[in-house]
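Working notes, beginning with the structure itself.
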Amino acid sequence: MTISQISTVIFGLIGGLGLFLFGMKLMSEGLQKASGESLKRILEKLTSNRIIGTCVGAVVTTVIQSSSATTVMVVGFVNAGLMNLTQALSVILGANVGTTITAQIIAFKITAVSMPAIGIGVIMLLFVKKPAVKYAGEIIFGFGLLFFGMDIMTNAFVPLSKSQTFTEVFIYFSKMPLLAVAAGAVTTLIVQSSSATIGITIALATTGVLDFQAAAALVLGENIGTTITANLAALNASRTAKQAALGHFLFNLIGVAYMMVFLHPFMNLINFMTPGDVAYMTPDGTYPYAARHIANIHTMFNVINTFVFLPFIPLLAKLCEKIIKPDTQIKELPKLVHLSDALTSTPEIAAGLVKKEVGRMFRTSINILEYSRSALLEKNGEAAVFGKDLENHLDIFETEISGFLEKLTMKPLSAKSEAAVKNMAHAVGEIKQIGERAEKLIKISQKLADKKITFTGDAEAELKEIFSSVSGFTEKVFGYYEAGRPAQDDPEQEEEAIDKQRKTFKKNHIKRLNAGVCTLEAGLLFVDILSTLEKIGDDVYSITHLLPGEKY
10 MTISQISTVI FGLIGGLGLF LFGMKLMSEG LQKASGESLK RILEKLTSNR
60 IIGTCVGAVV TTVIQSSSAT TVMVVGFVNA GLMNLTQALS VILGANVGTT
110 ITAQIIAFKI TAVSMPAIGI GVIMLLFVKK PAVKYAGEII FGFGLLFFGM
160 DIMTNAFVPL SKSQTFTEVF IYFSKMPLLA VAAGAVTTLI VQSSSATIGI
210 TIALATTGVL DFQAAAALVL GENIGTTITA NLAALNASRT AKQAALGHFL
260 FNLIGVAYMM VFLHPFMNLI NFMTPGDVAY MTPDGTYPYA ARHIANIHTM
310 FNVINTFVFL PFIPLLAKLC EKIIKPDTQI KELPKLVHLS DALTSTPEIA
360 AGLVKKEVGR MFRTSINILE YSRSALLEKN GEAAVFGKDL ENHLDIFETE
410 ISGFLEKLTM KPLSAKSEAA VKNMAHAVGE IKQIGERAEK LIKISQKLAD
460 KKITFTGDAE AELKEIFSSV SGFTEKVFGY YEAGRPAQDD PEQEEEAIDK
510 QRKTFKKNHI KRLNAGVCTL EAGLLFVDIL STLEKIGDDV YSITHLLPGE
560 KY
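My numbering puts the first residue of the sequence shown at 10, with every later residue one more than the last.
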């Protein structure tokens, strides 16, 4: 080969692969934005049922077009305590099946539509303002780039098929399938996308550089290489997350091992079920049926592997637990906040999960408010201790959720999820204020106890009344947040009612002070309690402005 031909191959591979990967990214992001609601609902269906978990993994991976993203997400779920090991392994099995859809799409070889798809996609992205159309444009544009990149790679490999040197090198892959498996695994590890390396394999086979046996072995190796991403994501994760990543590796490694033993019968099965002769060559030297055969190799391997391992998931889970044992010196503590940076690989799903964590933070602040009521009105010392402990939890919630939301804003999100993330960031601040004000009430209760200050019967009755109003308003808004809908009643009216109570009760207390019924110090603390409760009502009212018009 001449220097010119070598540069054509290298530049064509780099450029084509770049367009392919960028197209994949755009398709994935567009699909996530368009189907974010569906993905969130699907993940809510997760149970310990292995079959359901496998189906969920397959569907989610089909949508996001990346088994690596799904497995990294699953590692994040496990690390956050949202999923146990058995659930995670079932989802990972399904992800292996779901990722084969990309290879099937590539094998259609509809490169003729790549240019129109790019043109239509760009028009939809640039000139249409409706979000749903923009997301569709992103999908179509990515689809076009994917096939355009594939076409460039295929054309770039044509000189290789005419080079005796390169042909002899690739013949080794056919003679030594284990070498091809290793090459496939290493290539996928480098590229970080099994879909991309399968695309390269299809391009090589279509141009005649690779024969079917070498291509089949490469595809099997690519299934091992794709598991490395999850294992890298789990390096600093919890023990269970590491076990989930190891399970993914073992699934594919053991599957490839037994498939290599039956490689020839397996290839015969693919030949039987796939139309066209894989060895047929057109006059221009290409192999038109190679792509479909390779795609089917990828799909059938993962389908068969799923059926083989599905009954043995609990056993594999135990094996992973034995291999990765807990560190006896470092005790793993349960995480308070169920979020992990790995979840940002699927931002639409992450937006739904962080909403739940903000809800848990909101409930914690309500609990602190309830403890403050018990400490003040029932003189409950234990409630004061519990409330202060929970306020520390609220600090952790604020720090971790705010940091996670900040990272999420840098990810591609649908307009709806982007607005939800911004609202949640503001809501976190208001919820933290509620907790801090409730803690202030607890401190007042302790001051009252230490100085043996008591309120009159009328004053206590008024405190019970305003506490009831604030707690009722807070619970109602929390219900709206959990349901993901706007306030049904007029929140402004309820907030004004609390303001009116504060003013009325303050005037009543001034009258009691003037009459000498209570002390000045008791009066000042009473007014401080009223003011603090009124401010909590303001915080809750502010949260009503952040409620979505419909579910996130």
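The beta carbon of each residue, even a glycine, is placed where N, CA and C say it ideally should be.
Just mark His257 as buried or exposed, buried being the case when its beta carbon has 16 or more other beta carbons within 10 Å. The count along the sequence shown starts at 1 and reaches residue 257 at position 248. Buried: at least 16 other Cβ atoms inside 10 Å.
Is the Cβ-Cβ distance between Thr315 and Asn105 less than 8 Å? Here residue 315 refers to the residue found at position 306 when the sequence shown is read from its first residue. Here residue 105 refers to the residue found at position 96 when the sequence shown is read from its first residue. Their beta carbons are under 8 Å apart, which means Thr315 touches Asn105 by this criterion.
Would you call Val270 buried or exposed, if buried means 16 or more other Cβ atoms sit within 10 Å of its Cβ? Looking up residue 270 in the sequence shown gives position 261. It is exposed - the Cβ of Val270 has fewer than 16 other Cβ atoms within 10 Å.
May I ask which residues mark the beginning and end of the alpha helix (DSSP H) holding Gln222? Residue 222 sits at position 213 when you count from the first residue of the sequence shown. Start and end: 221-234.
Alpha carbon to alpha carbon, what distance is there between Lys42 and Leu417? In the sequence shown, the residue the question calls residue 417 occupies position 408. In the sequence shown, the residue the question calls residue 42 occupies position 33. Distance between the alpha carbons of Leu417 and Lys42 is about 14 Å.
Looking at Ala447 and Ala253, is the spacing between their C-beta atoms short of 8 Å? For the purposes of this step, residue 253 is identified with residue 244 of the sequence shown, where counting begins at 1. For the purposes of this step, residue 447 is identified with residue 438 of the sequence shown, where counting begins at 1. It is not a contact, given that the beta carbons lie outside the stated cut-off.
By how many angstroms is the C-alpha of Gln201 removed from the C-alpha of Leu241? For this step, residue 241 is matched to residue 232 along the sequence shown. For this step, residue 201 is matched to residue 192 along the sequence shown. The straight-line gap from Cα to Cα measures roughly 11 Å.
Whole beta strand (DSSP E) runs in the region 83-118 with 3 or more residues, listed along the chain? none
Using the three-state DSSP reduction, which class does Ala78 fall into: helix, strand or coil? Here the question's residue 78 lines up with position 69 in the sequence shown. DSSP places Ala78 in helix when its eight states are reduced to three.
Is the beta carbon of Ala351 less than 8 Å from the beta carbon of Asn88? The residue you call residue 351 lines up with position 342 of the sequence shown. The residue you call residue 88 lines up with position 79 of the sequence shown. In contact: Ala351 and Asn88 (Cβ atoms closer than 8 Å).
Touching by the beta-carbon criterion (3+ pairs, under 8 Å), the region 68-82 and the region 181-196: no
Jot down the residue ranges of each uninterrupted alpha helix (DSSP H) in the region 303-375, minimum 4 residues, whole runs only, in chain order. 322-332
Does DSSP put Phe166 in a helix, a strand or coil? By one-based count along the sequence shown, residue 166 stands at place 157. It is coil, neither helix nor strand.
Taking the C-alpha atoms as reference points, what is the distance between Glu38 and Arg382? Residue mapping note: residue 38 aligns to position 29 of the sequence shown, counting from 1. Residue mapping note: residue 382 aligns to position 373 of the sequence shown, counting from 1. Answer to the nearest angstrom: the Cα atoms are 47 Å apart.
Stretch-stretch touch, CB-based, cutoff 8 Å, three pairs: the region 514-524 with the region 425-441: no
Per DSSP, what kind of secondary structure is Leu26 in: helix, strand or coil? For the purposes of this step, residue 26 is identified with residue 17 of the sequence shown, where counting begins at 1. Helix, per DSSP.
Contact under 8 Å by Cβ, Leu35 with Phe150: Reading the sequence shown from its first residue, position 26 is the one you call residue 35. Reading the sequence shown from its first residue, position 141 is the one you call residue 150. In contact: Leu35 and Phe150 (Cβ atoms closer than 8 Å).
Top-ranked residue by Cα proximity to Ala524, from Thr465, Glu379, Leu154, Ser480: For the purposes of this step, residue 524 is taken as residue 515 along the sequence shown, with counting starting at 1. Ranking the options by Cα distance to Ala524, first place goes to Thr465.
Please determine whether the Cβ atom of Ile101 lies at a distance below 7 Å from any heavy atom of the ligand FMN. Absent from the structure shown: the ligand FMN. Ligands present: none.
Compare the C-alpha of Pro297 against each of Asn305, Leu255, Ala214, Thr408 and name the closest. Here residue 297 refers to the residue found at position 288 of the sequence shown. Per the Cα distances, Ala214.
Among Gly390, Glu357, Leu278, Thr249, which has the Cα closest to the Cα of Leu325? Stepping through the sequence shown from its first residue, residue 325 is reached at position 316. Ranking Gly390, Glu357, Leu278, Thr249 by Cα distance to Leu325 puts Thr249 first.
Skipping 5 residues on each side, what residues in its chain have a beta carbon closer than 8 Å to that of Gln338? Position 329 of the sequence shown holds residue 338. With a pLDDT of 46 at Gln338, under the threshold of 50, the modelled position of that residue is not reliable, and the figure given next carries that caveat. Cβ neighbours of Gln338 beyond the five flanking positions: none.
Could you please give the first and the last residue of the uninterrupted alpha helix (DSSP H) stretch that includes Leu135? Sequence index remark: in the sequence shown, residue 135 carries index 126 (1-based). Start and end: 123-136.
Could you check if Phe136 is buried or exposed, using at least 16 other CB atoms within 10 Å of its CB as the buried criterion? Position 127 of the sequence shown, counted from the first residue, corresponds to residue 136. When all chains shown are included, Phe136 counts as exposed.
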